[in-house]
Amino acid sequence: MLLEINQLCKVYRGGIRANDNIDLSVREGEVFGLLGPNGAGKTTVVNQIIGLTVPTSGSINIAGIDVVAKPGYARQACSFQAQTQVPIAGLTAIQAIELVGRIRGGSPTQVRQRANELIDHLEIGEWKNKMGVTFSGGVRRLVAFCMAAVVPGSIVILDEPTNDIDPLRRRLLWQEVQNLAERGFAVLLVTHNVLEAERVVNRLAIIDQGRVIGQGTPATLKESEGESLRLELILEPDTDPPQPPDFLIQSLISNRRMITKVGKDNITTAIEWARNLKEEGMVEEFSLGPTTLEDAYVRMVGRLDTLELPEGGI
Amino acid sequence: MYGWLRSYALMLKWQALSNRPMIPLYVAVEIMIAVGFVIGIGFFYPQINPTIAKFLTTGAPTLILLMVGLVIAPQMVVMARVEGTFDYIWSLPIP
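The following block contains the structure:
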């Protein structure tokens, strides 16, 4: 394992336990997702890996080296895209990317070539020679990604990389993330966007209130949902949500969206129920499909209001 | 040693370029402080002879640098900490 975290605890002054006995391991060439609601302790884990915060107890090893004792090694081994914005107001996109590449030890020619490659792949060429002060939030984040990927460390840590980014460039960014993994780098992806993470990660851990509450591949985590299917209804505006019948399991209603599970034996009845609601004008549309990682996540975390809805609705 | 110098030069470049949009403001403020300082200190002396004038004109920039260092630099660090950008710089592999 490239990154091994054992029994990691972080208790802040005042007794706030941000991380509680966290065990994680990430291998080379793998995209590992760290999922959880806001304030779950994901960023605290990252800050401890790169030495910005000292753990209260536990160990963090990168390639067998204890990085709590040697934070300098962690900074060399990890390239990092922070959740907050990067200080590039006075720099052009290409200057910012090249500077970080040079600081990370790349040669000028190699860095320039890779920077141009990333700019082309992410289609941000029109901002290449513009000053950072003029960038939108999404472009800033794409440039920050390029800064992390230009001369990657053996572990690339991306903290909420797709926030503010338009749906088309999000896809390009995910492709680049997968390219990094294919080249043998380990990618630690921190996000609360479960729907996107499901498509990209090889393995993941779900963190809530500082603890790991589930870990494995998306498939193993979804297995815990059994053989039931997911019924999703978009309610008409200004209508009261329908009373879920007994054959529906774990119904959750958030805003105009109702998500519920249907056992194999009740599929026909459920479709009929949903169709009737549509005919009565209570439901705008409905869909039935296999359970998703989001369902497993909702069950584990148990709070629908922390989820991010996909771009453009369902 | 080469690594230290290289990183120092690159970080210096980053800082200089990062502050580019603010440079006209900094220059204006520096000039105003310098002029105000020389005029203000001049009131302490009933007559300014060439020696006092030399001390004033050479000592003023030094004192201004101290003021800038003690006031503006900590303010910039605090701002960077609040925005979270300080942590980003801290995460880079600088020897």
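Chains as they are written, first to last, in the working numbering: chain A, 7 to 320; chain B, 244 to 338.
Even for Gly, the Cβ is constructed at its ideal location relative to N, Cα and C.
- Message: I'd like to know if the region 319–327 of chain B and the region 82–97 of chain A are in contact, where contact means that at least 3 CB-CB pairs between them fall below 8 Å.
- Response: Touching, yes.
- Nearest chain B C-beta to residue 92/A closer than 8 Å, yes or no? Taking Cβ atoms only, chain B reaches closer than 8 Å to residue 92/A, which makes this a yes.
- Message: Tell me the rounded alpha-carbon separation between residue 227/A and residue 30/A.
- Response: Going from the Cα of residue 227/A to the Cα of residue 30/A covers about 16 Å.
- Query: Which residue comes first and which comes last in the alpha helix (DSSP H) that contains residue 109/A?
  - Reply: 99–109 is the span of the alpha helix (DSSP H), which, as asked, contains residue 109/A.
- Task: Leaving out five residues on either side along the sequence, give the residues of the same chain with a beta carbon under 7 Å from the beta carbon of residue 66/A.
- Result: Non-local C-beta neighbours of residue 66/A in its own chain, meaning closer than 7 Å and more than five positions away in sequence, comprise 11, 14, 54, 55, 73 and 74, ordered along the chain.
- Message: Could you compute how far the alpha carbon of residue 34/A sits from the alpha carbon of residue 277/B?
- Response: One C-alpha to the other measures close to 57 Å.
- Message: I'd like to know whether the C-beta of residue 96/A is nearer than 8 Å to at least one C-beta of chain E.
- Response: Here chain E cannot be found, since the structure's protein chains are A and B.
- Task: With 8 Å as the threshold, decide whether the Cβ of residue 194/A is near any Cβ in chain B.
- Result: Not closer than 8 Å to any Cβ of chain B, the Cβ of residue 194/A fails to qualify, so no.
- Taking Cβ-Cβ distances shorter than 9 Å, what residues in chain B pair up with residue 109/A? Result: 249, 250, 253, 254, 257, 335, 336 and 337.
- Message: Tell me the rounded alpha-carbon separation between residue 164/A and residue 233/A.
- Response: Answer to the nearest angstrom: the Cα atoms are 33 Å apart.
- Message: Give me the chain B residues within the contact set of residue 56/A, using Cβ-Cβ distance strictly less than 7 Å, ordered along the chain.
- Response: Ordered by position in chain B, the residues that pass the 7 Å Cβ test against residue 56/A are 334.
- With 16 other CB atoms within 10 Å as the buried threshold, where does residue 98/A fall? With 16 or more other Cβ atoms within 10 Å, it is buried.
- Chain-ordered chain A contacts of residue 264/B [CB-CB under 8 Å]: Chain A residues near residue 264/B: 95, 96, 137 and 139.
- Task: Return the residue from the list 235/A, 215/A, 138/A and 256/A that minimises the CA-CA distance to residue 43/A.
- Result: The shortest Cα separation from residue 43/A among 235/A, 215/A, 138/A and 256/A belongs to 215/A.
- Shortest alpha-carbon distance to residue 8/A belongs to which of 23/A, 19/A and 80/A? Comparing Cα positions, the closest option is 80/A.
- Beta-bridge pairing of residue 293/A - partner residues as DSSP gives them: For residue 293/A, DSSP records a beta bridge to 238/A.
- Message: I want to verify the contact list: residues of chain B whose CB lies under 9 Å from the CB of residue 88/A, in sequence order.
- Response: Neighbours of residue 88/A on chain B, chain order: 327, 328, 330, 331 and 334.
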